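*Asks:* Here the working numbering is used: position 25 in the sequence shown is 584, and no number is missing along the way.
Note that beta-carbon positions come from the ideal geometry of N, C-alpha and C, so glycine has one too.
Owing to the predicted nature of the structure, the values given are computational and were not obtained by experimental measurement.
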Amino acid sequence: MNASAPDNNHKKQRKLRTYPGLGARDFMHPWDVKATAALHRVPGFDRLIAKVMEYGLERILYLENIADNVRVTEKMFPRLHRYLKWSCAILGVEEPELYVSLDPVPNAYTYGHTRPFIVLTSGLVDVLGEQEQFFAVAHEVGHIKCEHSLYTTVARNIAAVIEIFSQATLGLGSLLGKGIELPLYDWMRKSELSADRAALMCVQDKDVALRTFMKLAGGAQKLYAEMDQDEFLRQIRAYEEADESTLNKVYKFLITAMRTHPFPIMRAKHLDEWITSGDYDRLARSASE
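1. Just the Cα atoms here: how many angstroms apart are residue 666 and residue 782?
2. Going by DSSP, name the residue or residues bridged to residue 660.
3. Tell me the DSSP bridge mates of residue 668?
4. Which word fits residue 766, buried or exposed, when buried means at least 16 other C-beta atoms lie within 10 angstroms of its C-beta?
5. Compare the C-alpha of residue 713 against each of 605, 823, 827 and name the closest.
6. Mind checking whether residue 599 and residue 752 have CB atoms under 8 Å apart?
7. Going by DSSP, what residues sit across from residue 826 in a beta bridge?
8. Kindly list the residues whose CB is nearer than 6 Å to the CB of residue 709, restricted to its own chain and excluding five residues on each side of it in sequence; keep chain order.
9. When you compare only the Cα positions, how much space is there between residue 784 and residue 796?
10. Exposed or buried, residue 757, counting other C-beta atoms within 10 Å across all chains shown (16 or more means buried)?
11. To the nearest angstrom, how far is it from the Cα of residue 774 to the Cα of residue 576?
12. Buried or exposed: which applies to residue 661, given that a residue is buried once 16 or more other Cβ atoms fall within 10 Å of its Cβ?
13. Could you spell out the range, first to last residue, of the alpha helix (DSSP H) harbouring residue 780?
14. Name the two residues that bound the continuous alpha helix (DSSP H) containing residue 624.
15. Nearest-angstrom Cα distance between residue 729 and residue 763?
16. If you draw a straight line from the C-alpha of residue 755 to the C-alpha of residue 679, how long is it?
17. By Cβ distance below 7 Å, which residues in the same chain neighbour residue 806 in space, the five residues on each side in sequence not counted?
18. Compute the Euclidean distance between the alpha carbons of residue 789 and residue 769, then round it to the nearest angstrom.
19. So, are the CB atoms of residue 655 and residue 675 less than 8 Å apart?
20. Give me the Cα-Cα distance between residue 749 and residue 663, rounded to the nearest whole angstrom.
21. If you draw a straight line from the C-alpha of residue 689 to the C-alpha of residue 772, how long is it?
22. Cβ atoms of residue 581 and residue 650: under 8 Å apart, would you say?
23. Taking only the alpha-carbon atoms, compute the straight-line gap between residue 639 and residue 659 and give it to the nearest angstrom.
24. Quick test of your reading: residue 620 and residue 696, contact by CB under 8 Å. State the CB separation rounded to the nearest angstrom.
25. From the DSSP output, read off the bridge partner residues of residue 630.
26. So residue 574 and residue 652 are supposed to be a Cβ contact under 8 Å. How far apart are they, rounded?
27. Nearest by alpha-carbon distance to residue 682: which of 609, 780, 585, 840 is it?
28. Here's the rule: buried if 16 or more other CB atoms are within 10 angstroms of the residue's CB, otherwise exposed. What is residue 646?
29. Evaluate residue 615 with the Cβ neighbour count: other Cβ atoms within 10 Å of its Cβ, from every protein chain shown; 16 or more gives buried, anything less gives exposed.
Here it is, written out as C-alpha cells:
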C-alpha cells in the first residue's frame, strides 16, 4: 500500500500494513456475531427489515444528508479524505461517501445498505487529534466491512421504522417493534466492538485508540495535556470490579439498555483484551506472510 501515516510526534512517517483477503469474520467480536444471530430470531425482525427497504428509508436519509452536510473529497477536507482512502485500502472496502455535519455533539455514524455513507459531526472532529480522526473514520469503514450499515440505519431511526411497520401491518407493527427495540440496541452496542477492532487494524497504534476513548469519555481541550493513559486503564479495572455485586450488574443493564454505544471505557477494555490475548498480533502477522 502506497500510504503512510504520521506517527504520534508527527516527525516521521510509518508504513501501514494491509490485509489481503481479509474477511469480516477474521476480526469481528464474538458478541457482535451472537447478537446478530439473536436479532434474526426476534419475531418480525426480517419483516421489519423488508419494509425498511421497500419504503426507501435509505434513499430518504441519503437525500437529507447531501442537502444538509458537506461532502469530503480530495479538495474538501483532504486530510479526512486520505484517512478514508487508507481505511478502505487496508480493510478491502469500496470507498463510500464521507460527510461532515455541523453538530457540536461528538458523534459518527454510517447509514445505508446499497449505497452506504459516513457522517462525522464537527464536534467529533474538534475533540479528536489527527490520528484519532483517522481512528474514527476507520471505525465507520469497519461497520461497512462487517455489513452493519442496514441494521444501524434501522436502530438509529427506530421510532420512524416502527411507525412505518405499524401502518403496513394495521397496528401490529407497534407491538412487534417494542420487542425488537431492546435486542436491536444490544446488537448496536456490540457491533461497535467489531468496528473498534477494524479501526485499530487501520491506525495500527493502540495508544491512538486509547486516547480516542479517553477523549470521548470526558476530554476537554484545555485538559488534554493532563490526561493519563495508565489512570484510564485503572478506571477500567475499577468498573469491572463493581460487577462483583449482582445489584451492580442490574444497574449496569439499566444504564446501558437504550444506549447506541457502549461506554468508552468499556470499548477500551474490550480492545485492550483483544490486544493482550495475542489475537490482534496474530492477525497482523498473517497479513505480512
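*Replies:* So, from the data block:
1. Between the C-alpha atoms of residue 666 and residue 782 there is a straight-line separation of about 20 Å.
2. As DSSP reads the structure, residue 660 sits in a beta bridge with 680.
3. According to DSSP, residue 668 bridges with 678.
4. Result: exposed.
5. For residue 713, the nearest C-alpha among the options comes from 605.
6. In this structure, residue 752 does not lie closer than 8 Å to residue 599 by Cβ.
7. The partner list for residue 826 (beta bridge, DSSP) is empty, contrary to what the question assumes.
8. These residues qualify, in order along the chain: 672.
9. CA-to-CA, the gap between residue 784 and residue 796 works out to about 23 Å.
10. Counting Cβ neighbours within 10 Å, residue 757 comes out buried, since at least 16 surround it.
11. Between residue 774 and residue 576, the alpha-carbon positions lie close to 26 Å from each other.
12. Flag for residue 661 reads exposed.
13. No alpha helix (DSSP H) contains residue 780, which DSSP labels as neither H nor E.
14. 616-627 is the extent of the alpha helix (DSSP H) around residue 624.
15. Note that residue 729 scores 47 on pLDDT, short of 50, meaning its location in the model is unreliable and no value can be drawn from it.
16. If I take the Cα positions, the gap works out to 16 Å.
17. Below a pLDDT of 50, predicted positions are generally treated as unreliable, and residue 806, at 47, falls in that range; the measurement from the model is reported next regardless. Answer for residue 806: no residue qualifies.
18. In a straight line, the C-alpha of residue 789 is about 10 Å away from that of residue 769.
19. Note that the C-beta distance between residue 655 and residue 675 is below 8 Å.
20. Here the C-alpha atom of residue 749 lies approximately 25 Å from the C-alpha atom of residue 663.
21. Going by the C-alpha atoms only, they are around 14 Å apart.
22. Yes, the pair counts as a contact, with Cβ atoms nearer than the cut-off.
23. When rounded, the separation of the alpha-carbon atoms in residue 639 and residue 659 is 10 Å.
24. About 19 Å separates the beta carbon of residue 620 from that of residue 696, a gap too long to meet the 8 Å contact definition.
25. Per DSSP, the beta bridge partners of residue 630 are 658.
26. Their Cβ separation, rounded to whole angstroms, is 20 Å, which puts residue 574 and residue 652 out of contact at 8 Å.
27. When each option's Cα is compared against that of residue 682, the closest is 780.
28. Buried: at least 16 other Cβ atoms inside 10 Å.
29. Residue 615 counts as exposed, since fewer than 16 other C-beta atoms from the protein chains shown sit within 10 angstroms of its C-beta.
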